[in-house]
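Enquirer: My questions will all concern the structure given below.
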Amino acid sequence: MQGTGVAQRHAGLTRLRFFLIGWVILYHLNLPLAVLDSRHWLGPLLWRGYLGVDGFFLLSGFALWLGYGARPPRGIAGIGRFLLRRVAKIWPLHVLALLALALLVGTAVALGVTIREPERFALRDFVLQLFLLHGWETTQRFSWNYPSWALSVEWAGYLAFPAVIAALLRLPLAAVALVPAAALGGLYALTQYGPAGSLNHSLHLGLVRFGLEFALGLGLGRLATEGALPRALPWLALLALPLGLWLRQDAVTVLGLAGAILAIWRGGTGRAAPARQSLLLRLGEASFGIYLSWVFVEAVVVGLLRLGDPGLGGRVALMAGGFAATLALGWCAWRWVEVPAHRWILERRNPAPPVGLARPATD
């Protein structure tokens, strides 16, 4: 098996994260700004921007296989270390963003600003969101930092990962192909028979959406690293990306996203890491911070729209400015909160060894 331990980030896949988060942010900006309607020739691309989240779900499974396929977390100590790394990665910035939003709402109320739909900021929803339980069919109301529903279902995947990867490793390689096939079939059924007629499920059925794509990423990860995929398959699957957008078939688009991940991974395998990080690489690294920062930019955009209709030119300018502001705010959150907090937590768990003694490679 060619999977590695906790591997270095794949530069190509990290850059892909930037394009996925950019797609998601533009989609969310277009909802209040209505720069493009669904009938425009670019409409299928912009109005399907929620599928960028599906790309992240696929990447989550695929990257976890690359990182842990050769040495899955086992036992209380191994699983504990795995979950600690996930907590150190996601929780500090999530909690800070939630507290900042609570401070913003509290300040607005104190200043007499009218809060539309104040029930969105109930204490119950705050607690559910704080502990990342709000994506587990526990609420039907978008509240607080609502995009974090995706983080909630990711957290469920992390909790299940040790058992899931153990089961995947027990499968004979010939049977592993059934995993992505079944996942794609489930995604197609979710689009055809689900209440949304698409994969745009979040608080309701979002956990199912994530689980299918997480399994798809894991299964493809094992097949790819063990040389069980035909060389032409990623490129053939990639053709499904524009086809799915044109046909408005989300499951087909997800197949294309999976093809993109495989093609990019295969194209970058064996290449040395770049000596200097490019802007796209840095923004890809910051994608989590960008995602959680969007709600603050959204508040500003919606507030400006309440002052009056700026016209098409003004809305385009707001979209460009909002996009740039979200990237900048997210990069700052990554650089000054996410990375230092992650490092601090792991150092408290694994203090530096005495001089002359190396830390075990498995840490």
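This note's numbering numbers the first residue of the sequence shown as -12 and each following residue consecutively.
The beta-carbon is built from N, C-alpha and C at its ideal position, and this holds for glycine as well.
Return the first residue and the last residue of the alpha helix (DSSP H) that Ala143 is part of.
Expert: The residue labelled residue 143 in the question sits at position 156 within the sequence shown. For Ala143, the enclosing alpha helix (DSSP H) has its first and last residue at Trp136 to Arg157.
Enquirer: Quick one: using the 10 Å Cβ neighbour count with 16 as the cut-off for buried, is His188 buried or exposed?
Expert: Locating residue 188 in the sequence shown gives position 201, where the first residue counts as 1. Answer is buried; the Cβ neighbour count reaches 16.
Enquirer: Whose CA, out of Ala154, Leu199 and Leu291, lies closest to the CA of Gly172?
Expert: Residue mapping note: residue 172 aligns to position 185 of the sequence shown, counting from 1. Of the candidates Ala154, Leu199 and Leu291, the one whose C-alpha sits nearest the C-alpha of Gly172 is Leu199.
Enquirer: Cβ atoms of Gly122 and Gly56: under 7 Å apart, would you say?
Expert: Residue mapping note: residue 56 aligns to position 69 of the sequence shown, counting from 1. Residue mapping note: residue 122 aligns to position 135 of the sequence shown, counting from 1. Going by C-beta atoms, Gly56 is not nearer than 7 Å to Gly122.
Enquirer: Please list, in chain order, all residues of the same chain as Ile102 whose beta carbon is under 8 Å from its beta carbon, the five residues on each side excluded.
Expert: The residue labelled residue 102 in the question sits at position 115 within the sequence shown. Excluding its 5 nearest sequence neighbours in each direction, Ile102 has C-beta neighbours in its own chain below 8 Å: Val92, Ala95, Val96 and Phe108, listed in chain order.
Enquirer: Round the Cβ separation of Leu45 and Gly243 to the nearest angstrom and send it over; I've been treating them as touching at under 8 Å.
Expert: Within the sequence shown, residue 45 is the residue found at index 58, counting from 1. Within the sequence shown, residue 243 is the residue found at index 256, counting from 1. Contact flag wrong, Cβ pair sits at about 11 Å.
Enquirer: Buried or exposed: which applies to Gln116, given that a residue is buried once 16 or more other Cβ atoms fall within 10 Å of its Cβ?
Expert: Within the sequence shown, the letter at position 129 stands for residue 116. Gln116 should be labelled buried.
Enquirer: Within its chain, find whatever has a CB closer than 6 Å to the CB of Thr349; leave out the 5 residues flanking it on each side and keep chain order.
Expert: One-based indexing of the sequence shown puts residue 349 at position 362. For Thr349, the predicted structure reports a pLDDT of 34, less than 50, and the residue's modelled location is therefore unreliable. A value from the coordinates is still provided. Taking C-beta separations shorter than 6 Å and ignoring five residues to either side along the sequence, Thr349 has no partners in its chain.
Enquirer: With distances taken from CA atoms, which of Ala286, Thr240 and Leu177 is nearest Ala227?
Expert: Here residue 227 refers to the residue found at position 240 of the sequence shown. Answer by Cα proximity: Thr240.
Enquirer: Can the beta-carbon of Gly271 be found closer than 7 Å to that of Arg72?
Expert: Within the sequence shown, residue 271 is the residue found at index 284, counting from 1. Within the sequence shown, residue 72 is the residue found at index 85, counting from 1. Contact: no.
Enquirer: Can you tell me the Cα-Cα spacing of Gly295 and Asn17, whole angstroms?
Expert: For the purposes of this step, residue 295 is taken as residue 308 along the sequence shown, with counting starting at 1. For the purposes of this step, residue 17 is taken as residue 30 along the sequence shown, with counting starting at 1. Approximately 17 Å between the Cα atoms of the pair.
Enquirer: Can you tell me which of the three DSSP states Ala345 falls into?
Expert: Residue numbering aside, residue 345 sits at position 358 when the sequence shown is read from its first letter. Residue placement at Ala345 is flagged as unreliable, the pLDDT there being 37, under the threshold of 50; a coordinate-derived value is accordingly withheld.
Enquirer: Do you know offhand how far Gly9's Cα is from Phe310's?
Expert: Reading the sequence shown from its first residue, position 22 is the one you call residue 9. Reading the sequence shown from its first residue, position 323 is the one you call residue 310. Answer to the nearest angstrom: the Cα atoms are 8 Å apart.
Enquirer: Go ahead and pull the three-state DSSP assignment for Tyr14.
Expert: Within the sequence shown, the letter at position 27 stands for residue 14. The answer is helix: DSSP assigns Tyr14 an H, G or I state.
Enquirer: How about the stretch 155 to 169 and the stretch 219 to 236: do they share at least three Cβ pairs that are nearer than 8 Å?
Expert: no
Enquirer: Below 6 Å CB to CB, which residues in the same chain sit around Arg302 once its five sequence neighbours on both sides are set aside?
Expert: Within the sequence shown, the letter at position 315 stands for residue 302. So the qualifying residues of the chain are Leu20 and Val22.
Enquirer: Straight-line CA distance for Leu138 to Gly42?
Expert: Taking the sequence shown and counting its residues from 1, one reaches residue 138 at position 151. Taking the sequence shown and counting its residues from 1, one reaches residue 42 at position 55. Distance between the alpha carbons of Leu138 and Gly42 is about 14 Å.
Enquirer: So, are the CB atoms of Gly276 and Glu325 less than 7 Å apart?
Expert: Reading the sequence shown from its first residue, position 289 is the one you call residue 276. Reading the sequence shown from its first residue, position 338 is the one you call residue 325. Contact flag set, yes.
Enquirer: Grouping DSSP H, G and I as helix and E and B as strand, with all else coil, what is Ser265?
Expert: Here residue 265 refers to the residue found at position 278 of the sequence shown. Coil at Ser265, not helix or strand.
Enquirer: Mind checking Val287: buried by the 16 CB within 10 Å criterion, or exposed?
Expert: To locate residue 287, count along the sequence shown from 1; it is residue 300. It counts as exposed.
Enquirer: Using CA atoms only, rank isn't needed, just tell me which of Leu249, Ala168 and Val284 is closest to Ala307.
Expert: The residue you call residue 307 lines up with position 320 of the sequence shown. Residue Val284 is the option with its Cα nearest to Ala307.
Enquirer: Compute the Euclidean distance between the alpha carbons of Gly300 and Trp318, then round it to the nearest angstrom.
Expert: By 1-based counting over the sequence shown, the position of residue 300 is 313. By 1-based counting over the sequence shown, the position of residue 318 is 331. Straight-line Cα distance between these residues: approximately 27 Å.
Enquirer: Rounded to a whole number of angstroms, what is the C-alpha to C-alpha distance between Pro60 and Trp142?
Expert: Counting from one through the sequence shown, the residue named residue 60 turns up at place 73. Counting from one through the sequence shown, the residue named residue 142 turns up at place 155. If I take the Cα positions, the gap works out to 16 Å.
Enquirer: Which residue wins for smallest C-alpha separation from Leu70, given the options Pro167, Leu186 and Pro149?
Expert: One-based indexing of the sequence shown puts residue 70 at position 83. Among Pro167, Leu186 and Pro149, the Cα nearest to that of Leu70 belongs to Pro149.
Enquirer: My output table needs one value for Ser274: the three-state DSSP class, helix, strand or coil.
Expert: Residue mapping note: residue 274 aligns to position 287 of the sequence shown, counting from 1. Ser274 falls in the helix class under three-state DSSP.
Enquirer: Spatial neighbours of Ala(-6) within its chain, please: C-beta separation below 7 Å, excluding the five flanking residues on both sides.
Expert: Position 7 of the sequence shown holds residue -6. Confidence at Ala(-6) is low in this model, with a pLDDT of 48, below 50, so its placement is unreliable and no value can be given for it.
Enquirer: Can you list, in chain order, the residues of its chain whose CB lies under 7 Å from that of Thr313, leaving out five sequence neighbours each side?
Expert: For the purposes of this step, residue 313 is taken as residue 326 along the sequence shown, with counting starting at 1. So the qualifying residues of the chain are Ile12, Ile277, Ser280, Trp281 and Val284.
Enquirer: Apply the 10 Å Cβ neighbour rule to Gln127 and answer buried if 16 or more other Cβ atoms are within range, or exposed otherwise.
Expert: Along the sequence shown, one-based indexing puts residue 127 at 140. Gln127 should be labelled exposed.
Enquirer: To the nearest angstrom, report how far apart Arg269 and Arg58 are at their CA atoms.
Expert: Position 282 of the sequence shown, counted from the first residue, corresponds to residue 269. Position 71 of the sequence shown, counted from the first residue, corresponds to residue 58. So the two alpha carbons sit approximately 28 Å from each other.
Enquirer: Looking only at its own chain, which residues have a Cβ that is under 8 Å from the Cβ of Leu88, when we skip the five neighbours before and after it?
Expert: Locating residue 88 in the sequence shown gives position 101, counting from the first residue. Within the same chain, Cβ atoms closer than 8 Å to the Cβ of Leu88 are found at Trp131, Asn132, Val282 and Phe283, the five residues on either side in sequence being excluded.
Enquirer: State the Cα-Cα distance for the pair Trp331 and Ser274, rounded to the nearest angstrom.
Expert: Here the question's residue 331 lines up with position 344 in the sequence shown. Here the question's residue 274 lines up with position 287 in the sequence shown. Cα-Cα distance, rounded: 20 Å.
Enquirer: With H, G and I counted as helix, E and B as strand and the rest as coil, what does DSSP make of Leu333?
Expert: Reading the sequence shown from its first residue, position 346 is the one you call residue 333. Of the three classes helix, strand and coil, the one that applies to Leu333 here is helix, per DSSP.
Enquirer: Would Ala75 pass as a contact of Leu333 if the rule is Cβ separation under 7 Å?
Expert: Within the sequence shown, the letter at position 88 stands for residue 75. Within the sequence shown, the letter at position 346 stands for residue 333. The answer is yes: Cβ separation under 7 Å.
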